[in-house]
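Sequential numbering of the sequence shown, starting at -6, is according to our numbering. We put the beta carbon where it would ideally sit given N, CA and C, even for glycine. Heads up: the structure comes next, in structure tokens.
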Amino acid sequence: MKTIDLRRPFLHILLIIFLSLVAYSNTFHSPFQFDDMPGIVDNPIIKDLQLFVKPSKAEVFDEYLEYNTFKSRYVSYLTFALNYKAGGLNVVGYHIVNLIIHISAALVIYFLIMLTFRTPYLRGSPIRAYNVHIAFFTAVIFACHPIQTQAVTYIWQRSASLAALLYILSLASYIKWRLSSDRTSSKGFFFYLVCIISAILAMKTKEIAFMLPLTIALYEFLFFEGSLRRRTLWLIPIILCIFIIPLTLISIDKPVGELIGDMSKNIRGNSELSRSLYLITSFRVIITYIRLIFFPVGQNLDYDYPVYQSFFDTEVLLSFVFLVSLPGLSVYLYYRYRDTVKHIRLILFGVFWFFINLLLESSVIPLNNVIFEHRLYLPSIGVFLVITVLLFMAVEKLKKRNFQIEKAVVTGLIIITFVLTGAAYARNGVWKDEKTLWENVVKNSPDKPRGHINLGNVFLSQGKSDKAMEQYLIALKLDPESSEACYNLGNVFIAQGKFDKATEQYLMTIKLDPHNYSAHYNLGNTYQSQGLTDKAIEQYQTAIRLKPDHQGAYNNLGIAYQSQGLTDKAIEQYRTAIRLNPGFSGAYYNLGTAYQTKGLISKAREHYEMAAKLLKDRK
């Protein structure tokens, strides 16, 4: 009877796929969450594939183009559009695509490491005997680690996982090209072309790909040989890809000074932190990231992370010293042992991979949140590589003293893999629905208003207005100037039929945040329900000015005009609402009533039938 060869790549591929499916088997029906709502559910851009043929037409949707997201993340937006085309807003399709991306990334990591052991400096390395083990455990731990759940289960974060997949595919293709016996042949050139195309697509998926040319250059000079001139020429086309992101972020019809300011604004987003405070805090954040990799307990969608005020704070200073020592030590070991311990290059590469790929989101560019787990998706690969390499370096060193050491290490890694798979499955259970997710956030970040506000929104959507009010009041106690809490408290009062109190909260919201178009819209609805039509019209018009694609505001403005006998104006508003959302059944019905008022019975019937059809299709 033949025994199963546990070193076979085919078996490893099956195990990576199987364990990934187990870890994420409870996610396929997890609903849209948090940024999924504006980014996917309410995003008109992904619902029209024509906008991807002529992206300039999408500029009307200003709300969804903040920070030039559509232009800079064109590829990820396109995948959402294709998802929508195939299955509408059925979450199953979105989760399947996210999981395929994740599994593909793990498999590319596996083959990338296998290729690395074929490079000139590692061919004769003693740990090459363990190349299959190192490749497998790096890839499978990446696939099953619970820290990756946010990048996979949180649908909107597809941009992080897809950019990472294209990033490592570009590097793997470059390695494959460099290992080709004839790099100028059509087969050799094919892999170089895949490298360039993957790099371009990665750059248009998420800004984290900006560091890809640096990573490829580092890999070239660590693992390959050749003349400096020739190697530099090979790298030039890849290095030129680095300009894709800055050229996307800026508007070329402005003076140079404005371009620089424009780029800075787009990169920073709405962050109120200074660059120095963000950098200081990032030293602590990276320590938290490292802790989460080794001990993934207390995971949280929305961390209540302290902002550190001084570099000389003891925690910050110690974190800085520790973080600087890691690349410093790896460089020292590389220069000391590079001629005798060839695989020390893997340690240096893994350490630098981690820090290089954290650089954009944890350095001097302030983002809206100092910490998010999905930012670890790409950098964590370097840590997993270093861990597995160190373990099998120890195996190689100790095997003469203890011939069972390899078996012990492999067994230990298998146990860790199963534990991580179970932990990922458990973490994914938190994403079961909005209630479980935000209860978990409130549990882990009780003093942060956002969790309470979102949990309140869940209760309000379930008709539990008293529980919703309780959460909003907690949020207001934590932050008395929270316009979002005021706005949602107004929604509670609307649900309770207390229009005067709702009006008071909406006016307070507008005072705190004059650009809150939803507050203007709901205030208009409140005025309309009280018969204050002129005031309602004023609020709807303000909402439209702030958000030109607000279909609901156009529809309700039409209702207000129609109530005043201004039927032609009403028809104009209904038509605009339908143009913005061809599936808006209510606008079709209202347009039908307007045509009926004008005596245009055939047109009225046509629109009534369309409204009925849309309602039937929705069911």
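Backbone CA spacing between residue i and residue j [nearest angstrom]
i    : j    : result
S373 : A488 : 46 Å
K247 : I231 : Residue placement at K247 is flagged as unreliable, the pLDDT there being 49, under the threshold of 50; a coordinate-derived value is accordingly withheld.
L430 : Q292 : 11 Å
T586 : K540 : 26 Å
A605 : P473 : 45 Å
G551 : I564 : 7 Å
A620 : F287 : Residue 620 is absent from the structure shown; the chain starts at -6 and stops at 612.
G343 : S511 : 47 Å
I238 : T410 : 36 Å
K40  : N76  : 10 Å
L172 : H126 : 21 Å
V403 : L82  : 43 Å
R121 : I190 : 31 Å
V300 : T281 : 14 Å
D426 : K457 : 16 Å
L471 : Y465 : 10 Å
R223 : F129 : 33 Å
V34  : V85  : 14 Å
L186 : K504 : 55 Å
L607 : Y601 : 10 Å
F492 : Y370 : 47 Å
T62  : K436 : 32 Å
N574 : D542 : 9 Å
K47  : V68  : 14 Å
Cβ pair residue i, residue j closer than 9 Å
i    : j    : result
W424 : T20  : yes
V314 : R277 : no
Y628 : N548 : Only positions -6 to 612 of the chain appear in the structure, and residue 628 is not among them; the question remains open.
L42  : A74  : yes
N484 : A495 : yes
L378 : I106 : yes
S152 : H88  : no
D295 : R443 : yes
I398 : V388 : yes
H367 : Q26  : no
E218 : Y114 : yes
P2   : Y103 : yes
S356 : S454 : no
T333 : K64  : no
Y70  : I38  : yes
L205 : L164 : yes
A136 : A99  : yes
N481 : G449 : yes
G321 : F348 : no
Q555 : T590 : yes
I10  : I96  : yes
V133 : L8   : yes
Buried versus exposed, by CB contacts within 10 Å (16 or more), residue i
i    : result
F577 : buried
I446 : buried
G517 : buried
G32  : buried
N91  : buried
N395 : exposed
H633 : The shown model of the chain, from -6 to 612, leaves out residue 633, and the question about it has no answer.
T225 : exposed
K335 : buried
K169 : buried
P359 : buried
D440 : exposed
S13  : buried
F216 : buried
E265 : exposed
The ligand NAD heavy atom lying under 8 Å from the CB of residue i
i    : result
T307 : This structure does not include the ligand NAD; it has no bound ligands of any sort.
Cβ distance (whole Å) where residue i is taken to contact residue j below 8 Å
i    : j    : result
A546 : I537 : 5 Å
A417 : A16  : 4 Å
T109 : L159 : About 19 Å separates the two Cβ atoms, so there is no contact after all.
N515 : Y499 : 6 Å
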